[in-house]
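Chemist: Numbering (the working numbering), first residue to last: 16 to 161.
The structure is given below, and queries will be raised subsequently.
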């Protein structure tokens, strides 16, 4: 097994985020491994497309500010250095891959709800990250599953 020295941990700021970060720490090659956390905010326009002629910028700014505050609290309570905290806007799988490449990460850690059937076919962030990854990906089962 490879030694992981730079790990990018993708979190959604839910209660499962602690579990995902702890699992990442568990596979780190040493206490000196660099752990980075990333939270990706999907723009509202992605969800609604051009179907609704509304300006989402005010709402999007508020979402970004709230997510930034949540990420700062989460990171501080888990001892993640300020320089290792990343919050970006875009498609989660694209931004996670991009940041992993930029950082030179050895491993991406992401939560997975273990969807089946239609939910699996429709895709998920974990599925998107797994496909096309140029580095190892650890999908941590979350959502009350052990």
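Glycine is no exception: its CB is placed at the ideal position from the N, C-alpha and C atoms.
Within this structure, are the beta carbons of residue 126 and residue 155 separated by less than 9 Å?
Modeler: yes
Chemist: Enumerate in chain order the residues of its own chain whose CB-to-CB distance from residue 58 is below 8 Å, with the five nearest sequence positions on each side excluded.
Modeler: 71, 75, 104 and 105
Chemist: With the cut-off set at 9 Å, would you say residue 83 and residue 53 are in Cβ contact?
Modeler: no
Chemist: Quick one, which of 97, 143 and 121 has its alpha-carbon nearest residue 110's?
Modeler: Of the listed residues, the one whose Cα sits closest to residue 110 is 143.
Chemist: Report, in whole angstroms, the separation of the C-beta atoms of residue 20 and residue 121, which I expect to be a contact under 8 Å.
Modeler: 6 Å
Chemist: What first and last residue would you give for the beta strand (DSSP E) that runs through residue 123?
Modeler: Note, residue 123: beta strand (DSSP E), 122 to 127.
Chemist: In the DSSP assignment, what are the bridge partners of residue 148?
Modeler: Its beta-bridge partners do not exist; DSSP assigns none.
Chemist: List the endpoints of the continuous alpha helix (DSSP H) containing residue 95.
Modeler: Element bounds for residue 95: n/a, residue is neither H nor E.
Chemist: Classify residue 47 as buried or exposed, calling it buried when 16 or more other Cβ atoms lie within 10 Å of its own Cβ.
Modeler: exposed
Chemist: Since residue 55 is in the beta strand (DSSP E), which residue starts that stretch and which ends it?
Modeler: 49 to 56
Chemist: In chain order, what residues of the same chain have a beta carbon less than 7 Å from the beta carbon of residue 28, not counting five sequence neighbours either side?
Modeler: Apart from the 5 residues on each side of it in sequence, residue 28 sits with its Cβ closer than 7 Å to the Cβ of 54, 82, 85, 86 and 89 in its chain, given in chain order.
Chemist: Between residue 22 and residue 123, is the Cβ-Cβ spacing less than 9 Å?
Modeler: Their beta carbons are under 9 Å apart, which means residue 22 touches residue 123 by this criterion.
Chemist: Tell me which residues share the same chain as residue 40 and place their Cβ nearer than 6 Å to its Cβ, disregarding the 5 neighbours each side in the sequence.
Modeler: none
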